[in-house]
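Sequence lines, in order, name chains A and B. Under this note's numbering, residues 653 to 980 are what the first sequence spells out, in order. Under this note's numbering, residues 653 to 980 are what the second sequence spells out, in order. The C-beta atom is built at its ideal place from N, Cα and C for all residues, glycine as well. Computed from a predicted structure; not experimentally measured. Following: one structure in structure tokens, then a few remarks.
Number of protein chains: 2
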Amino acid sequence: MDKIRIAIAGYGNLGKGAECAVSKCPDMQLVTLFSRRQPDSIKTVTGVPVHSMADIEKFKDSIDVVINCGGSATDLPEQTPMMAEYFNVIDSFDTHARIPEHFQAVDSVARKSGKVAIISVGWDPGLFSMNRLISQAVLPDGKDYTFWGKGVSQGHSDAIRRIKGVKDARQYTVPVQEALERVRNGENPELTTRQKHTRECFVVPEEGADLEYIQNTIKSMPNYFADYDTTVTFISEEELRKNHSGIPHGGKVIRSGASGFENKNRHLIEFSLTLDSNPEFTSGVLTAYARAAYRLNKEGVCGCKTCFDIAPSYLHPLSPDMQRATLL
Amino acid sequence: MDKIRIAIAGYGNLGKGAECAVSKCPDMQLVTLFSRRQPDSIKTVTGVPVHSMADIEKFKDSIDVVINCGGSATDLPEQTPMMAEYFNVIDSFDTHARIPEHFQAVDSVARKSGKVAIISVGWDPGLFSMNRLISQAVLPDGKDYTFWGKGVSQGHSDAIRRIKGVKDARQYTVPVQEALERVRNGENPELTTRQKHTRECFVVPEEGADLEYIQNTIKSMPNYFADYDTTVTFISEEELRKNHSGIPHGGKVIRSGASGFENKNRHLIEFSLTLDSNPEFTSGVLTAYARAAYRLNKEGVCGCKTCFDIAPSYLHPLSPDMQRATLL
């Protein structure tokens, strides 16, 4: 069997996760890594060769799928359309509000080049989105809830680090157990932002920093913290390293609804993730969708897709016959 | 917009659920019900007309999709291939071991007739199967667990009713909490049948029946009860009606696995259903897949499919654009 020839673009946490995730797929072969950094400055775990992103076009005949592990803010909107000109490509674009725009940009390139591009792959957007969609479809009379955490929010941690006097910080998003219980009880409550999640901040201050200033600046930061019950705990650098070095995350998508002409019977659909490493898990999802992109393109499909457009069968290494015999 | 013209075949619990589920879909119209009983002996809740199953062919130009609500043992293997000659058709065939055989029989008819048939739709097989497949694909290094219940097992209740001296019975399958907790803790235990589920039987004996004989016969019944810790409780007919008249069910599909080159990071994926009414929920799933069959057939697709072959987008009433804008 020909192995699917994979390249990874970008070697941050997500790219490193993808390097390992691809190694766990016997039907895939990691051909190369692309980076904007100096290739010889990068040492990969598996020893896979590194090439400059500027040379990516040269690989158009030796790579089937690029897993683009760049950031959503500036990398992916520029890189994914560029890559779709030469390769099937997967990205994890997660700026929800800008997905339609990114989709259009990628779609117009991929339709011309005859490649498959699957965007916004991961768990939210991604597996969570699929569960929202499917749950609404099978239980039209109901209400959706998404809870995130407990987990590290990278963006919120960064926002704290930009405050004067902060040396390092880690922010956790934590679902409010009481709200979760009310949803699970079928109460279908209306929940405000504050009622659904709290935010826990662990901050390493610089020597002599104004702790009260830091605490007030965090708690009153609009969009990030002002709408939440936020706790700030000052800790040492050593404690941060020891107790907060992981990147756990997760969450739950719940649909609570009813059936019957009098809505007498209640139903609860819950999809839940508990992840030790957000980037490693996400890269596993990207890798499964890389398999799907390759297979779809072999069938002559092209254009931009999301997880909504991919039949589950394409994700799994077994043949459809074997899937039906062993998994259905 | 043209509404999808639906027919329901069979008017047991599942067919009644489907009648209601279709009424909750503004893009669908329930045209007729087919039954093997005398049509004028059936009074439908919505007043939808009833026709004899023998006349089904006459409706080939006025119905888009038939939701076949027959039983898996004898109805579906015979009826679904017959229906696929004239209609797109959905069924909930749930005899796992015989799915490949049923698939082949339906596929050969549907390919010839140019229709789409989606078989084994529901929650297990169905949504649970999808979660098993997707979880394996995104987390290849791990272990699967399926727990069922707490819920009524129709087949096991029937088996008890066949015992001499039993007037009526209700059997619940109950997951063992301790086993569930071990799985959730990431222990990846090997669990025997007995360690995963217990079976609770509520039995109404006939007057003067031999209770010890009934209890022993249940507990020693091979396949059904002998491999489980089974409890038998004798109750009155009134108590059965009052406390055990519902058909609740549900369960959990869990994948517990690890990522990273040293499998250091652990992940848990859990999909859980808690259902007041098994047939009403299942009919909601059937209805969503009826929408998918209609849309796929409009695109020129034909043949037999399972939930593994259906991209989620086809299930939801919104357009793909709107799905991306609101659900991704």
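Under 7 Å Cβ-Cβ, which residues of chain B neighbour M782(A)? P964, listed in chain order.
Give the range of the alpha helix (DSSP H) segment to which N895(A) is assigned. First-last of the alpha helix (DSSP H) with N895(A): 889–895.
Near-chain A residues of the region 671–686 of chain B (beta-carbon distance less than 8 Å), N- to C-terminal order: If the cut-off is 8 Å between Cβ atoms, the region 671–686 of chain B has C672, A673, S675, K676, C677 near chain A.
Taking T798(A) as the reference, which of A749(A), G722(A), F923(A), L863(A) has the closest Cα? Nearest of A749(A), G722(A), F923(A), L863(A) to T798(A), Cα basis: F923(A).
So for S760(B), helix, strand or coil by DSSP? In the displayed model, S760(B) falls within a helix according to three-state DSSP.
Under 8 Å from the C-beta of V937(A): neighbouring residues of chain B: Those within 8 Å of V937(A) in chain B are V790.
Sufficient close CB pairs (3 or more, under 8 Å) joining the region 929–937 of chain B to the region 768–776 of chain B: Yes: at least three Cβ pairs fall under 8 Å.
Which chain A residues are close to V697(B), counting only those with a beta carbon under 8 Å from its beta carbon? From the beta-carbon of V697(B), the residues of chain A found nearer than 8 Å are F913.
Give the residues from the region 720–750 of chain B that approach chain A closer than 8 Å (Cβ to any Cβ), ordered along the chain. So the list reads H748, given in the order they occur along the chain.
Could you name the residues that DSSP lists as bridge partners for A769(A)? The secondary-structure analysis by DSSP pairs A769(A) across a beta bridge with V741(A), C956(A).
Would you mind stating whether C853(B) and T885(B) have Cβ atoms separated by less than 8 Å? Contact flag set, yes.
Would DSSP call Q690(A) helix, strand or coil? The answer is coil: DSSP assigns Q690(A) none of H, G, I, E or B.
Please tell me whether S929(B) has its Cβ less than 8 Å away from any Cβ of chain A. Chain A, which has a Cβ nearer than 8 Å to the Cβ of S929(B), makes this yes.
Classify D820(A) as helix, strand or coil using the three-state DSSP reduction. Judged by DSSP in its simplified three-state form, D820(A) adopts strand.
With distances taken Cα to Cα, identify the nearest neighbour of A706(A) among T844(A), L948(A), G662(A). Measuring C-alpha to C-alpha distances from A706(A) to each of T844(A), L948(A), G662(A) identifies G662(A) as the nearest.
Enumerate in chain order the residues of its own chain whose CB-to-CB distance from T869(A) is below 6 Å, with the five nearest sequence positions on each side excluded. If we look at T869(A) and ignore the five residues flanking it on each side, its Cβ neighbours are I815.
Burial state of R851(B), where buried means 16 or more other Cβ atoms lie within 10 Å: The residue in question, R851(B), is buried, as its Cβ has 16 or more Cβ neighbours within 10 Å.
Residue range of the alpha helix (DSSP H) that K871(A) falls in? DSSP places K871(A) inside the alpha helix (DSSP H), whose first and last residues are 863–871.
Measuring alpha carbon to alpha carbon, tell me which of S872(A), G902(A), R763(A), I751(A) ends up nearest V804(A). Measuring from the Cα of V804(A), the nearest candidate turns out to be G902(A).
Since K655(A) sits in a beta bridge, which residues does DSSP pair it with? Partner(s): none; K655(A) has no beta bridge.
From the DSSP secondary-structure annotation, give me the bridge partner or partners of G794(B). Answer is G909(B), bridged to G794(B).
Using the beta-carbon count (16 or more within 10 Å), is G865(B) buried or exposed? First, the amino acid is wrong: residue 865(B) is Tyr here, not Gly. Classification for Y865(B): exposed.
Measuring CB to CB, does L980(A) end up less than 8 Å from T958(B)? The criterion of a C-beta distance shorter than 8 Å is satisfied by L980(A) and T958(B).
Do you know whose CA, among K668(B), G838(B), Q829(B), T978(B), lies nearest H849(B)'s CA? The residue with the shortest Cα to Cα distance from H849(B) is Q829(B).
Simplified DSSP state of K904(A), which is helix, strand or coil: Taken through DSSP and simplified to helix, strand or coil, K904(A) comes out as strand.
Select from the region 901–925 of chain B all residues with a C-beta closer than 7 Å to any C-beta belonging to chain A, and list them in chain order. So the close ones are S911, G912, F913, N917, R918, H919, L920, I921, E922, F923, S924, L925.
The beta strand (DSSP E) with H808(A) in it runs from where to where? No beta strand (DSSP E) contains H808(A), which is instead part of the alpha helix (DSSP H) from 806–813.
Could you spell out where the alpha helix (DSSP H) holding R947(A) opens and where it closes? Its alpha helix (DSSP H) spans residues 930–950.
Our contact map puts S643(B) next to A673(A) with C-beta atoms below 8 Å; I'd like the distance itself, whole angstroms only. Any property of residue 643(B) remains undetermined from this structure, which presents chain B solely from 653 to 980.
Against chain B: residues of the region 869–892 of chain A by CB proximity under 7 Å: From the region 869–892 of chain A, no residue has a Cβ closer than 7 Å to chain B.
Establish whether the CB of R976(A) and some CB of chain B are separated by less than 8 Å. Interface residue, yes.
Less than 8 Å separating the beta-carbons of L682(B) and S744(B)? Judged by their CB atoms, L682(B) and S744(B) are not nearer to each other than the 8 Å cut-off.
Per DSSP, which residues does I660(B) bridge with? Please list them. DSSP, once it has assigned bridges, lists L685(B), I719(B) as partnering I660(B).
May I ask you to verify whether the region 734–754 of chain B touches the region 762–772 of chain B, counting CB pairs closer than 8 Å and requiring at least 3? Because the criterion of three Cβ pairs below 8 Å is met, the region 734–754 of chain B and the region 762–772 of chain B touch.
Beta carbon proximity, H968(B) to chain A, threshold 8 Å: So, interface residue.
So, does the CB of L843(A) fall closer than 8 Å to a CB anywhere in chain B? False, the Cβ-Cβ gap to chain B never drops below 8 Å.
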